[in-house]
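Trainee:
Residue numbers (our numbering): -8 to 136.
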């Protein structure tokens, strides 16, 4: 019985050490210190965002190139094209702003890469993505929802 308790405590200690290592590694790539889902919610879906990050329309996304101009960039994963707008809007207004420009809020295949890239270019700000939710649960929203 004591051996089982010691093994259990050792397992818990190992899990805590692994969790700490994972958190430290995550912090090194864009200060993502919690689960990816929760960070997307907290960093990208708050109503106090300074900027929004928008993915170009499906037609533009499938083209070989990304439009040239301020704010446009291509991801290294999934060959996605994005445009960052430096405006202060809530999530609903950001979605409408994207649609006004023929775009939708971003749905990156690699949100950690996107967060890291945007923080390198624009500083440590918050960005909107095409996801909504609360806590650690979010869902991707179709354009227009």
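Glycine is no exception: its CB is placed at the ideal position from the N, C-alpha and C atoms.
Owing to the predicted nature of the structure, the values given are computational and were not obtained by experimental measurement.
Starting from residue 63, follow its DSSP beta bridges and name the residues at the other end.
Mentor: Translated into the one-based positions of the chain shown, residue 63 becomes position 72. 74.
Trainee: Between residue 99 and the rest of its own chain, which residues show a CB-CB distance below 6 Å, the 5 nearest in sequence each way excluded?
Mentor: Position 108 of the chain shown, counting from 1, holds the residue named residue 99. For residue 99, where only same-chain residues beyond five positions count, the Cβ hits under 6 Å are 105.
Trainee: What is the DSSP secondary structure of residue 105, reduced to helix, strand or coil?
Mentor: Numbered from 1 along the chain shown, position 114 holds the residue referred to as residue 105. Helix, per DSSP.
Trainee: So, helix, strand or coil for residue 96, using DSSP?
Mentor: Start at 1 with the first residue of the chain shown, and residue 96 comes out as number 105. Correct three-state label for residue 96: strand.
Trainee: What is the rounded straight-line gap between the Cα of residue 84 and the Cα of residue -3?
Mentor: The residue given as residue 84 occupies position 93 in the chain shown. The residue given as residue -3 occupies position 6 in the chain shown. If you take the alpha carbons of residue 84 and residue -3, they lie about 55 Å apart.
Trainee: Can you tell me the Cα-Cα spacing of residue 40 and residue 0, whole angstroms?
Mentor: Against the chain shown, residue 40 aligns to sequence position 49. Against the chain shown, residue 0 aligns to sequence position 9. Low confidence applies to residue 40: its pLDDT is 38, below 50, so where it sits in the model is not reliable enough to give any reading.
Trainee: On a CA-only basis, which of 94, 90, 81 and 80 is nearest residue 58? Give me that one, please.
Mentor: Translated into positions along the chain shown, residue 58 becomes position 67. The option with the nearest alpha carbon to residue 58 is 94.
Trainee: My understanding is that residue 120 touches residue 96, with C-beta atoms under 8 Å, so please give their C-beta distance in whole angstroms.
Mentor: On the chain shown, residue 120 is found 129 positions in, with the first residue counted as 1. On the chain shown, residue 96 is found 105 positions in, with the first residue counted as 1. Correct: roughly 6 Å between the Cβ atoms.
Trainee: Quick check on residue 87: buried or exposed, where buried means 16 or more other Cβ atoms within 10 Å of its Cβ?
Mentor: Here residue 87 is taken as the residue at index 96 of the chain shown, counted from 1. Residue 87 is exposed by the Cβ-count criterion.
Trainee: Rounded to whole angstroms, what is the Cα-Cα separation between residue 2 and residue 72?
Mentor: Counting from 1 along the chain shown, the entry for residue 2 is found at position 11. Counting from 1 along the chain shown, the entry for residue 72 is found at position 81. Whole-angstrom Cα-Cα distance: 44 Å.
Trainee: Short check: CB of residue 66 to CB of residue 115, under 8 Å?
Mentor: Here the question's residue 66 lines up with position 75 in the chain shown. Here the question's residue 115 lines up with position 124 in the chain shown. No.
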